[in-house]
Every structure is written in C-alpha cells, then in structure tokens.
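Below: one structure, written as structure tokens.
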Amino acid sequence: MPPAPIGPQQLRERATILKRLASRVESALALDLHQRATEETWIGPTPQRCHGELLAMRITLRDAGRDLRDGARALEMRADQLPQP
Amino acid sequence: MSGFCGYDVTLVGGLRAAMARAVDELDALRCSDVEAVAAMRSIATARSTLRDTWLPFATSLLSCRAMDGYQPAAIAPGDLINSWIRLTSTERGWRTATDASGTGALSAGTALTVEQVRAIGDALSGAAGDERLTDTELDWLATALEQIAMRPALVAALLPAMTTVGWTNLCNQLGAAKQRMATAALVARDHDATAEEQADRVRIDGVFARLGGIVVANRAVHPRSDATLLLTDMTPYAAAALAVALDLDADALAATTRRVVERERELIDHPVELVLGPRAADLLFGALLSTPGAATAYVMLTVDAPQLAMEATDDPGLAHLLVRTGTDPANMTPAQAAIAMPAIARWLLDARTRSSSLMYDPELTVTLADLAAPHLLQLVTSGTDSYELSDSDRRAIQTAIIGDGAALDHLLSERDRVLGHLAAGLPVDPTERVAALGDLAALLAVVDSMRTAARIRTAEQDQAEWDLAWDLLDKAVGLIPAEGLWSVVPGAAVTVLRTGLEAAGVGPESVGEVRAAALGSFDTMTTIAAATVVCARFDQLVVAGRIAPGTPLPPVPDVEADDVGQDYRDRFTTWLGTSGLDDDIMTDLHDVKQTIASDHESARNANDALLGG
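Line by line, the protein sequences give chains S and G. So in this note's numbering, spot 22 of the first sequence is number 1148, and the numbers just go up one at a time. So in this note's numbering, spot 160 of the second sequence is number 244, and the numbers just go up one at a time.
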C-alpha cells in the first residue's frame, strides 16, 4: 500500500520540531566551552589544541542550527504551497 | 621530548564540569526527522569529541596519578621550549603536568604572543641560555627567532627580557660549538662533512643570523642603539659570529673587528703562530671583504699594529686578501696609502725574521711584493709623491724582493696592478702631463734596475719584464692627451715605427722573437718607448689638423745601431729641426720624447737608489 500523502499540517509540525531543535543547539553549553579553555585556565600544546577544537565545535554547531532552520523554512514553504484543508 | 601543560586547578575543574554538562545536554538532543540528519551528525561528532577526548584529558589533570605514573611534574629552568608554560605557571601558582596527550613541543611555527616571547627572553637569560641547547631546541629557537625578527612588537618584547648575560650565554655556547666544528673540519680536510655535521652548522648559523636580524630590526626603530655593546662579554669567536650578522657599516665593522681581534690576542697566552683552529678574524675578515669600504677602513684602523690584520686569522690567505683589497688604489686614497703602505711594508720587512721559530718566512716576501705592486713607485723612489720611508727602508724593500725569486716573479706577473695607479689618464696641464709620463719612465727604470740587480736568468722572467715594458708603452700611448680624439686609429708614424720594429724582430706582436740583447737593454727599451709615444702623439696632431699632411714622419729607432738611444736622439733632433713644425708642437713632441728617454735619468736614479749609486 503506498504511503499516505503528507499534508500541510504534518509539514508544519515537522518544521516546528526542527526549529525547536535548532534553538536547543544554538543555546547549547558546548558553544561556550572555548571561553573556559583560554590561557587563563591552562597553557600548553594540548590545551592549545583543545581551545582550537572547541572553537571549531562552536562553528559546527552554529552551522547545524542554521541548517535546521533552513530545513524548517523549506517545510513551511512546501506546506503553504499545498491545498489547505 | 615531553610536552608540559600548566593549569589552574579551579578553572580546569570548572571547565571539566562544563564539558560534562555539555555532553549530557548534547546527549539529550534527539530528532529522527530526515531533514535533521546532517545536524544530528554534527551534534554526535561534537559530543564524541568532548566525551572521548577533552573530558578525559581534563579529568586526567585533576586526577591523582600517583598509581599510574602520570605524576605532577616540574619544568626544568633550562627547558627553553616550555619556558612560557613554566613562567606562566610559576607566576600564577599553577600546577604543571607532563602532557601525555600532547604532541610534544609547543610549536614555534604558530603565531607567538608577546608573553611567549618574553618568556623565551627570560629563559635564555637564565638556565636555558646557560645549558647546552639540544638540536630540537635549536631548531625550535631558530623558527621562533625568525618569527620574532619579522614582528617589531615581538622584538620589543624580547630585547628587554633578554639580558646581556642571556645574549652572552647563548652566543658563547653556539660560538663554541661552531668553533669546534670548524676545527674538526680543518683537522680532517680530506673528510667531507656528514649530513649531520652540515645540519649542525646550518642550525647554528641560522640562530646567529636570526639573532642578528633581531638586532637589526631593533636598530631600525632605535637608530642610536649600539648593538656592538652586546659583544663585550662574549668570547671573541662568539662575538665575531654575531657581529657578522649585525649588518654593520664599514667603519663600525672595522672598529668592532679590531676590538674583538685585540681581545682574542690578549686571551691567547702562547705564541699566536702555535694556535691552530679558526679564529674570530676568520669570520670577521670575510664580512670586511664583503662590506664595501670595510677592508680599507680596517687597514687604516690597524696602521699602528699591522699584526692585527696580518696575523689575526688561521687562514693566512684570508688576511693577505683583506690587506691586498684594503690597500688596492681602487679602494684606498693616495693620502691613505701614504700612511698605510710604509707601516705595512716596514712590518713585513721585520716580520720575515720575527716568527716564533726565528726562521725566515719566504711567504712574507711574496706578500710584500704583492702588496707593494700597485705602490711600487711611491715605495722605492724618493720624489714628491713618494711615501715617507728612509732610503734604507726603500733599499730594503727592493733587495728583499730581488733576493727572493718567487717574490720578483710575482711582482713581474702583476703588471696590471703595477700600472694600475696610472690608469686614470694624463692630466691636461702640460706640466702635470710631463710628470705623469715621468712616472711611467721611472717605473720602467725601477723594474729594469730590479731585474738587472736580481740577474734574472730565465727566459720566463725576461718575457715577463718585456711584457711589462710593452704594457707600459701601451699605457703611455693610451694616455697621450687626445684632444677629443681618443679613438683615433694609429696613423702613419706609428705604423711605420711598428713595421720597422717588427722587421727588426722587435714589436708587441712578436715578443717571442725579440732578441735577448734587446731584452736586456734598458737603452733600447726606453728608446722604443719614447719613439712609440712620439709617433702616437704625432698621428693625433695630424688628425687634429695641427700638423699638415705630408709633414715628414718622426724617425724610428734603429735597434741594430751600436748605441740605439744616441742614434735615435740624433735623428730625432735632426728631424725636428727640418720638419717645419710650429714651435709649440716641436716643444710638445720634444717634451714627450725627453720625458721617457731623458738620457737615462730615471734609470740612473733607480740604480742609485737600489744599488747605492
């Protein structure tokens, strides 16, 4: 049996979930860890590398949040284009 | 080498707790929507990085490692690479641990901070500069110093932190290593340096070059700073190694060289001839030679003590080259030469019998001949422009060269340098012109007298003198005042002269066929010289329109005559009287002829000076 067609309401619900996830990612503690790993806390080759990786992690997570919001917007646009119940 | 890390226990504890909370938080993020796949993958990666790498690392710093060997550690005061960690940890009261997770050294290739550079200066001023640096540390230091030299802010951070003691300690240990390597290379001349030895040499030279670069960079900002003060407490060899990297101007380099060389001689408590191995001057003289004007500056600075030039190097050839370059008339003014050359000549005359073994050193006589070559006239004749020497000194210089076959050979082979000071061209003023032509004649006489006195026997020596004579003739012809006609093609008179000489077996193109009798005759030589110059002058005056075409040509010497000179003089006088030339032209040609072939006055003077009349 073929899958039931997705309605605009379902698309909007999925968009909401994605936006909620994006908000949690964007406010994650992991994004601020680099501020605690500066030379005020520790120094050395490994701490230097750690600080660099935490900065990279921040960028990656922020990108992930933006991707989630882009995905949510795309779902909402698709919902708007479908015939409304 | 182990890496170290320094840390604040409380802050690392806070970081660790935050990491743990972040991991929990990321763990709690769930989403099965297909649009969230990529985002969930990034979240998983971040969680893994924290949970598997950095959380354990932070935990390990705070754990008691007594049981597994991962103990709190201290960074040695002499550890240069970890100096910044040591300094910061000490200042802040942090703990230090060996960094088992780290890759080792703090990379010098990454951008250094002002704090890190200060720590390097501080460390080098302490134990790190005092203890022998490892190869790894030297490589690391070279990279760090290169970066420092390129950034004024880092230079400004390093110099106040690095004390004179630091500079001295570092340069001394590097200088000693460099000197050992140079000595080893001298001992095993036939042995090519291994790749490892070459790498060591490059490594040390690199550090010296970059230290110099830092000082030069600082001088650009502070032009009045005197970088040579840093050299004061260093060993002479270390001071030399740094000095050559300081890009000093000629005078400063010369003054520095004298100070360092003098200090080195004071430190050597046994005869310098017995000291083997590279010396400070072996480095400094190379720099003097590559710095325009510096060789002459150093020669002038050591006029009171020529041994500071002649005896300062392990490589005598280098010292000779320095003095030769410094006293070359192309680099030294006549006034400077008048001061330096007598002092050097006297020193060389004395030094030939002053060596520690009281043995005659023949090389010094060759050196004397070589250095004297471009100053021969001023050294061995007494005249207006002669150097201040006693008659006995002048005679001693000549007899020393004459008495040494190698020295005389060398002098004769240096024709270009003997003539060098006459290459500037004759002055326009008739009186000065005649004086300059007189110099040429006098040089001919001096060389001929020396040759005669030395009883040159070999054909090579005869040939050399003949070549010198003809070079003088060429010079004389070239120096005839041309009145704008320098490029004039030799005219009829010179052509007739040359044809006649060649027919008689005498001529510049047939030197090899010149008869032995002509070679030995100064009379013939000066007559040919005079005739050549007169003919060249005659041709130029014809081209200039001052002598009418068709005027009888000047006579040419009859080299078959019993008395070549007298025969030429008679025929020249007759020709002049019947030529119909203007009075001023006759005077001109007569002066030219008389200056070179003036009844052998020059020859008599030269022989009187040399042979005591």
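In this text, a Cβ means the ideal position worked out from N, Cα and C, and glycines have one as well. Quick caveat: nothing in here was measured; it's all calculated off a predicted structure.
When the options are compared against residue i, the one with the closest alpha-carbon
{"i": "G:Leu461", "options": "G:Gly489, G:Arg501, G:Asp108", "result": "G:Arg501"}
{"i": "G:Thr397", "options": "G:Trp251, G:Ala338, G:Glu348", "result": "G:Glu348"}
{"i": "G:Ser144", "options": "G:Thr657, G:Leu99, G:Leu229", "result": "G:Leu99"}
{"i": "G:Trp168", "options": "G:Asp289, G:Ala130, G:Leu673, G:Gln200", "result": "G:Gln200"}
{"i": "G:Arg105", "options": "G:Leu134, G:Asp646, G:Ala207", "result": "G:Leu134"}
{"i": "G:Ala195", "options": "G:Ser474, G:Asp477, G:Gln420, G:Arg235", "result": "G:Arg235"}
{"i": "G:Leu95", "options": "S:Glu1152, S:Glu1139, S:Thr1164", "result": "S:Thr1164"}
{"i": "G:Ile165", "options": "G:Ala421, G:Pro638, G:Thr227", "result": "G:Thr227"}
{"i": "G:Leu217", "options": "G:Ala324, G:Asp388, G:Asp284", "result": "G:Asp284"}
{"i": "G:Gln231", "options": "G:Val450, G:Ser209, G:Arg176, G:Thr197", "result": "G:Thr197"}
{"i": "G:Gly720", "options": "G:Asp136, G:Thr180, G:Leu146", "result": "Not covered by the structure: residue 720 of chain G. The range shown for chain G is 85 to 697."}
{"i": "G:Ser466", "options": "G:Met265, G:Ala484, G:Ala422", "result": "G:Ala422"}
{"i": "G:Leu330", "options": "G:Gly361, G:Arg478, G:Ala371", "result": "G:Ala371"}
{"i": "S:Leu1157", "options": "S:Pro1209, S:Pro1134, S:Ile1185", "result": "S:Ile1185"}
Buried/exposed call for residue i, threshold 16 Cβ in 10 Å
{"i": "G:Arg114", "result": "exposed"}
{"i": "G:His306", "result": "exposed"}
{"i": "G:Gly410", "result": "buried"}
{"i": "G:Arg202", "result": "buried"}
{"i": "G:Arg342", "result": "buried"}
{"i": "G:Leu313", "result": "exposed"}
{"i": "G:Pro390", "result": "buried"}
{"i": "G:Asp668", "result": "exposed"}
{"i": "G:Gln650", "result": "exposed"}
{"i": "G:Glu119", "result": "buried"}
{"i": "G:Gln678", "result": "buried"}
{"i": "G:Thr182", "result": "buried"}
{"i": "G:Met416", "result": "buried"}
{"i": "G:Gln624", "result": "buried"}
{"i": "G:Gln282", "result": "exposed"}
{"i": "S:Gln1174", "result": "buried"}
{"i": "G:Val121", "result": "exposed"}
{"i": "G:Val271", "result": "exposed"}
{"i": "G:Thr671", "result": "exposed"}
{"i": "G:Gly250", "result": "buried"}
{"i": "G:Asp647", "result": "exposed"}
{"i": "G:Ser476", "result": "exposed"}
{"i": "G:Asp493", "result": "buried"}
Where residue i falls: helix, strand or coil (DSSP)
{"i": "G:Tyr700", "result": "Residue 700 of chain G is absent from the structure shown; chain G starts at 85 and stops at 697."}
{"i": "G:Ala279", "result": "helix"}
{"i": "G:Ala181", "result": "strand"}
{"i": "G:Ile352", "result": "coil"}
{"i": "S:Ile1212", "result": "The shown model of chain S, from 1127 to 1211, leaves out residue 1212 of chain S, and the question about it has no answer."}
{"i": "S:Thr1164", "result": "coil"}
{"i": "S:Ala1200", "result": "helix"}
{"i": "G:Cys619", "result": "helix"}
{"i": "G:Leu332", "result": "coil"}
{"i": "G:Asn256", "result": "helix"}
{"i": "S:Thr1142", "result": "helix"}
Amino acids of chain S, ordered along the chain, whose beta-carbon sits closer than 8 Å to that of residue i
{"i": "G:Ala122", "result": "Ala1190, Asp1193"}
{"i": "G:Ile169", "result": "Ile1169, Gly1170"}
{"i": "G:Leu95", "result": "Arg1162, Glu1166, Thr1167, Trp1168"}
For residue j and residue i, the rounded distance between their alpha carbons
{"i": "G:Leu243", "j": "G:Leu463", "result": "51 Å"}
{"i": "G:Glu350", "j": "G:Gln482", "result": "34 Å"}
{"i": "G:Thr635", "j": "G:Ser663", "result": "7 Å"}
{"i": "G:Ala301", "j": "S:Asp1189", "result": "44 Å"}
{"i": "G:Ala480", "j": "G:Ala456", "result": "13 Å"}
{"i": "G:Asp434", "j": "G:Ala614", "result": "39 Å"}
{"i": "G:Leu496", "j": "G:Ala241", "result": "60 Å"}
{"i": "S:Arg1150", "j": "G:Glu109", "result": "9 Å"}
{"i": "G:Ile540", "j": "G:Thr611", "result": "Confidence at G:Ile540 is low in this model, with a pLDDT of 39, below 50, so the placement of that residue should be treated as unreliable; the coordinate-derived value is given next. Going by the C-alpha atoms only, they are around 22 Å apart."}
{"i": "G:Asp163", "j": "G:Asp111", "result": "42 Å"}
{"i": "G:Ala427", "j": "G:Arg264", "result": "35 Å"}
{"i": "G:Tyr382", "j": "S:Ile1169", "result": "51 Å"}
Partners in chain G for residue i, counting only beta-carbon separations shorter than 7 Å
{"i": "S:Met1183", "result": "Ala130, Thr133"}
{"i": "S:Arg1150", "result": "Leu113"}
Residue i: contacting residues in chain G (beta-carbon distance under 8 Å)
{"i": "S:Leu1155", "result": "Ala102, Arg105, Ala106, Glu109"}
{"i": "S:Ile1132", "result": "The contacting residues do not exist; S:Ile1132 stays about 12 Å from chain G at best."}
Proximal chain G residues relative to residue i, where beta-carbon distance stays under 9 Å
{"i": "S:Arg1199", "result": "Here the premise fails: no neighbours, minimum Cβ distance about 10 Å."}
{"i": "S:Glu1202", "result": "In chain order: nothing, as chain G lies at least about 12 Å away."}
Partners in chain S for residue i, counting only beta-carbon separations shorter than 9 Å
{"i": "G:Thr218", "result": "Those within 9 Å of G:Thr218 in chain S number zero; the least Cβ separation is about 17 Å."}
{"i": "G:Trp87", "result": "Here the sequence assigns Gly to residue 87 of chain G, which means Trp is not the residue at that position. By Cβ distance, chain S contributes Gly1170, Pro1171, Thr1172."}
Closer than 7 Å at the beta carbon, the chain S residues around residue i
{"i": "G:Trp251", "result": "Those do not exist, as G:Trp251 stays about 26 Å from chain S at its closest Cβ, beyond 7 Å."}
{"i": "G:Thr172", "result": "Ile1169"}
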